[in-house]
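A.B. asks: Quick one: this structure, given as structure tokens, is what I'll be asking you about.
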Amino acid sequence: MKNLKYIILFAMNFCGSLLFSQGTDGSFFSAPSAASIPSFINAPVSLSTGIPDINIPFFSLSTHNSSLGINTGISYHPNNAQKSSKASDVGLGWSLYGVSCLIYREVNAANGIPTDGYYYAFMGHNGKFLLKTDSSGEKYIVMRTETQITITYNPTANSFTIIDESGNSYSFDRQDIAYSKYLNNTTPYTSTYYLSSIKDVNQVTLMQFEYLEDIYNAPDFPSPQIKSLKLKKVISPDFGSMEFTYILNTSLRQKLSDPFQLKTAELKNKAGKTIQKYSLQYSENNFTFSDSNTSSCAPEDVPSGYYDKRVLNSIQRYGTSSAFEKTEFEYNNDFLAGNYWTSSSCHCLPSESDNPKYLALGLLKTIKYPTGGQVRYEFEPNQYIEKKTNTFDPFTLDFTPKYIFPYDIVDRDAQVLEEVGTYNFDTHHATTVNFNLTANPDDSDGASYLMYCVNNPVYYTDSPTWDPGLTPFIDIELTSGVAGNDGITKYMPGTNTFKVLGTGGAGTVTIKRIRYKSLPIPNYTTGRGIRIKKIEFMENNVPVSSETRNYSYQQFANTSITSGFFLNSNDSEPVVYKNVKETVGENKGYVRYYFKTLEDTPENINADGNVSSPYTHYNVLRNGLLTKKEIFDATGNTVAKEEYAFELYPVGTFYPLSESVGSIQVKNSIIKKQTSTSTAFFGQDAISTVTESVRDAQDLNVANKKTITREGEVLEENYTYTKAGNTRLWGAKIKDRLIVAESKKNGTTLAKTETKYDDTTHFYPTSQITYLPDNLSQFLTTTVYDIYDDKGNLVQYRSFPDSGSQGYPVTIIWGYNKTVPIAKIEGARLSDIPASLITTIVNASNEDADATAATEAAKEAALLNAFNTFIKDPALSNFIVTAYTYDPLIGMTTTVVSGGIKENYKYDSFGRLQKVVDANGITVKEYQYNNKN
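Written out as structure tokens, the structure is:
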């Protein structure tokens, strides 16, 4: 604006690689399933990031490993609903969680070339690692997330295997194909590796994943093929499956919506019967991210700044019948309120795409549940501390403040366009116009820096300069300016003049001047994503005031200043808040949360007191670490307080945060020790409990926990895991099994137990022993686990209530294809039960599991008859027998106990427990579920 009028320059972004890794309209050609994952990693759900937990759970699927199952549903992240965000297969802002298990490769934002960085997200685990190449050409893994998992790469198959802390192995061997284009080189690469199967440490297959493939040629590049994958089916052998159907719209491959649209998600039992089904309904919404009257700006990525994106309108939930429950969604179509100057018809102002007013477009506004209740969300832009100044000091050594020039309109938080006036002109009467300019309070001389717009001109053709072949035009020239010491023209208070140029005409001229909103300039910036402001729970469209949640992110010590912190290193860093105040309801008090960030540790502060690279404790402090929680009543009195102190233990070496030139260096840490102090206040009295946990730096398990009670007693718990307690399990990558647990009170041992794994043919526990507190060299065997089946189900165990006995046996019969216990025989060994009896009830249960809808009632009745025969058999007369029937993936339907005790469990079509009926047909318990039409 050095000539007082913006000259629009169009620059070409020399980043040709985006032709393949990202389309010109922001869509990813490959790996659409991975598009929404970075937001959950970079700005996770947390009070410190202002991201609320919004999800709609669908259903879950168990496996033969009781500690491993899979849940799915959809979750919402507001940063996945921004201008550049691609709408996923379940709609803008939403993503399918739980079943999207993948490893995706990082791309250098500067040149579009894939890096050696990889992100993983599966079964509750997420993080980053590097795949490096040594001097001999061998590949090796460098972890960037401190975790118990182990990752290996198979170069021959171009696949990854991950072993989790329990020894379960995950095979990522389904690959997509993407292409990176830089300059004239087009290079194919795998951008995403998809999970195909899960096996436990005993090599029992727990889950299998099947995918659809979309293979096509990129436009203008017919030779390379692009392949993307979409999850079709998750199979849990013997239990059932999750199945997903889609509508594929190939015209969306280069658009801002995933070409796949999830149509249905179904949970089916092994027999193929649908237990639950979710049907999703969508529409294409048009979002306008620029003013329609702005003709001076460079074109948006799509014409006129209009973005068509898929939005999720509703979900219909079905059970085993045609009845359904409907959940509906509404989205915001308005700009955010606020004094955010924007481009006009004659001036294209800088960073229009970063204008905070656009951040609200497309955000989730309301969820309406089948019960009739609603939840309404109100979001607002992030704000974070950024030092700013209007004083230029060429000799300063502190380069952290951002200098805001008085003559350039560049900062929406620091500057405002103040209208001087609108003035008429008519070249039939005069070609110069005078206007009065008041003194500018921001300048010591009262001088102003101006910009103008010519509005709705009427062109004359009677000017002496008129030429019939000339396009008429009108412009003006501000003629009364003076040059400042910096060479920039400014305008002094008093009478000023502008001259009308061009072919002649009449119209108006609007003149504005650039002002600072206030001096000194506030040290904050608005943008870089969204945070939650208010959550309202509504009944009959009226907010329930007692449940309304309000959030504030200002500093507790000075509420005029934001507590937001942004590590200005790359765009993936989140805005993290040090202070968050949550108010629930009216006159019910509030809660204050304190978080520690990367600038709150001495190692990251330079001599000038500013946060500076290299950064230690990066992984722990990046998203904020809760250090204190205070609970206040309605009068502002402290009711309770929780304080957390941490001992951070640095691990590894410093590494660059990205592959960009000059990338900052960071180092990770683990929380070696955590001390929690909980204090309750009773008037002037306070009672505290202190808990201290110490973590082993090598296996990352909690090794010791100590509690100092309110009475002053010291309670200790010591834990030994496989690294120190069982080398065989540790060698099998089992890191989370507790081997020895010891509890003490005031230094005296109260109890000590140990779990044994003596059978080298498997990794299941074989016995449990208890040490004598008075003599820890002696112990008693309390439980022996005798027999497991081939799926890892415990079939026989013995408890030892008396020393020296042979133990009291319990046998468990597993049925429904070894997925659930169908009989428990107390007092009997497996060898005490005739094999023919076991075979009969097992086969009957398997037939019930595999029954079709037409035969399931008869098969369950046959199973109950088999149970009656089983229980009454003379061979079992001396034992206590309990038998169970089930509706697979729904729940237990019958319990029968020897002696005639019986209960039936009835479910509605959605799988919810409806009533409990005793042996006489009398309803013992009943449950009702009411939905609102």
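FYI, in mature numbering (1 follows the signal peptide of the UniProt record, and there is no 0) the residues of the sequence shown are -21 to -1, 1 to 912.
Glycine residues also receive a C-beta, built at the ideal position from the N, C-alpha and C atoms.
Compute the Euclidean distance between the alpha carbons of Gly(-6) and Gln233, then round it to the nearest angstrom.
C.D. replies: Its pLDDT being 28, under 50, Gly(-6) is placed unreliably in this model, and the value from its coordinates should be taken loosely. Using only the alpha carbons, I get a separation of about 16 Å.
A.B. asks: From which residue to which residue does the beta strand (DSSP E) around Gly96 run?
C.D. replies: Here the beta strand (DSSP E) through Gly96 covers 93 to 101.
A.B. asks: Can you tell me the Cα-Cα spacing of Thr902 and Thr873, whole angstroms?
C.D. replies: Straight-line Cα distance between these residues: approximately 14 Å.
A.B. asks: In the region 625 to 683, which residue ranges form an unbroken beta strand (DSSP E) of at least 3 residues, counting only runs that do not cross its ends?
C.D. replies: 644 to 661, 664 to 674, all fully within the region 625 to 683.
A.B. asks: Starting from the C-beta of Asp143, find all residues in its chain whose C-beta is less than 6 Å away, skip the five residues before and the five after it, and write them out in chain order.
C.D. replies: Correct list, in chain order: Ile128.
A.B. asks: Ignore the nearest five residues each way along the sequence and tell me which others in Ile214's own chain have a CB closer than 6 Å to its CB.
C.D. replies: These residues qualify, in order along the chain: Gln187, Ser220.
A.B. asks: Tyr257 and Arg296 - do their beta-carbons sit closer together than 8 Å?
C.D. replies: Yes, the Cβ-Cβ distance between Arg296 and Tyr257 is below 8 Å.
A.B. asks: Taking DSSP as the reference, what is the three-state secondary structure of Leu729?
C.D. replies: Looking at Leu729 - three-state DSSP - the assignment turns out to be strand.
A.B. asks: What are the partner residues of Met517, as DSSP defines its beta bridges?
C.D. replies: According to DSSP, which records beta bridges pairwise, Met517 is partnered with Gln353, Pro522.
A.B. asks: What residue does the beta strand (DSSP E) around Tyr257 start on, and which one ends it?
C.D. replies: Taken as a continuous stretch (DSSP letters only), the beta strand (DSSP E) holding Tyr257 covers 253 to 267.
A.B. asks: Does Asp753 pass the burial test, meaning 16 or more other C-beta atoms within 10 Å, or should it be called exposed?
C.D. replies: When all chains shown are included, Asp753 counts as exposed.
A.B. asks: Assuming Val590 contacts Asn583 under a Cβ cut-off of 8 Å, what Cβ separation, rounded to an integer in Å, is found between them?
C.D. replies: Right, the Cβ-Cβ distance comes to about 5 Å (below 8 Å), so this counts as a contact.
A.B. asks: In angstroms with no decimal places, state the Cα-to-Cα distance between Leu191 and Thr42.
C.D. replies: Distance between the alpha carbons of Leu191 and Thr42: 23 Å.
A.B. asks: Exposed or buried, which one is Ile850 when buried takes at least 16 other CB atoms within 10 Å?
C.D. replies: Buried, by the Cβ-count rule.
A.B. asks: Are there 16 or more other CB atoms within 10 angstroms of the CB of Tyr908, so buried, or fewer, so exposed?
C.D. replies: The residue is exposed, with fewer than 16 neighbouring Cβ atoms inside 10 Å.
A.B. asks: Let's test the definition: count the other Cβ atoms within 10 Å of the Cβ of Gly341 and tell me whether it reaches 16, buried, or not, exposed.
C.D. replies: Buried, because 16 or more other Cβ atoms sit within 10 Å of the Cβ of Gly341.
A.B. asks: In the DSSP output, what is Thr617 paired with across the bridge?
C.D. replies: Thr617 pairs with Phe611.
A.B. asks: Relative to the C-alpha of Tyr99, which candidate in Tyr438, Thr131, Leu600 has its C-alpha closest?
C.D. replies: Here the closest residue by C-alpha is Thr131.
A.B. asks: For Ala66, which residues does DSSP report across the bridge?
C.D. replies: In DSSP, Ala66 forms a bridge with Ser236.
A.B. asks: Do Val630 and residue 922 come within 8 Å of each other at the CB atom, strictly closer than that value?
C.D. replies: Only positions -21 to 912 of the chain appear in the structure, and residue 922 is not among them; the question remains open.
A.B. asks: May I have the straight-line CA-CA distance separating Thr112 from Tyr503, to the nearest angstrom?
C.D. replies: So the alpha carbons of these two residues sit roughly 43 Å apart.
A.B. asks: Determine, using beta-carbon pairs with one atom in the region 58 to 70 and one in the region 536 to 552, whether at least three such pairs fall under 8 Å.
C.D. replies: No contact exists between the region 58 to 70 and the region 536 to 552.
A.B. asks: Below 6 Å CB to CB, which residues in the same chain sit around Ser236 once its five sequence neighbours on both sides are set aside?
C.D. replies: Answer for Ser236: Ala66, Lys288, Arg289, listed in chain order.
A.B. asks: Taking only the alpha-carbon atoms, compute the straight-line gap between Ile817 and Ile792 and give it to the nearest angstrom.
C.D. replies: Distance between the alpha carbons of Ile817 and Ile792 is about 7 Å.
A.B. asks: Can you tell which of Tyr470, Lys770, Gln747 has its C-alpha closest to the C-alpha of Val461?
C.D. replies: When only C-alpha atoms are compared, the closest one is Tyr470.
A.B. asks: To the nearest angstrom, report how far apart Ser293 and Lys347 are at their CA atoms.
C.D. replies: C-alpha separation (whole angstroms): 9 Å.
A.B. asks: Rounded to whole angstroms, what is the Cα-Cα separation between Gly146 and Glu905?
C.D. replies: Rounded to whole angstroms, Gly146 to Glu905 spans 42 Å at the Cα level.
A.B. asks: Just how far apart, CA to CA, sit Ala197 and Gln204?
C.D. replies: Answer to the nearest angstrom: the Cα atoms are 7 Å apart.
A.B. asks: Which residue marks the beginning of the beta strand (DSSP E) containing Glu307, and which one marks its end?
C.D. replies: Here the beta strand (DSSP E) through Glu307 covers 303 to 310.
A.B. asks: Run the CB neighbour count on His596, radius 10 Å, all protein chains shown included, and call it buried at 16 or more, exposed below.
C.D. replies: So His596 ends up on the buried side.
A.B. asks: Would you tell me roughly how many angstroms separate the C-alpha atoms of Leu604 and Glu125, rounded to the nearest one?
C.D. replies: Their backbone Cα atoms lie some 16 Å apart in a straight line.
A.B. asks: With Leu449 as the anchor, note down where its beta strand (DSSP E) starts and where it stops.
C.D. replies: First-last for Leu449: undefined, no H or E at that position.
A.B. asks: Given this structure, state the Cα-to-Cα distance separating Leu627 from Val693, to the nearest angstrom.
C.D. replies: So the two alpha carbons sit approximately 24 Å from each other.
A.B. asks: For Asp390, which three-state DSSP category applies?
C.D. replies: Asp390 falls in the coil class under three-state DSSP.
A.B. asks: Hey, how far is the Cα of Asn44 from the Cα of Asn50?
C.D. replies: Approximately 14 Å, taken between the alpha carbons.
A.B. asks: Excluding sequence positions up to five away, which residues of its chain have a Cβ less than 6 Å from the Cβ of Thr476?
C.D. replies: Around Thr476: Thr411, Asn413, Thr458, Ser459.
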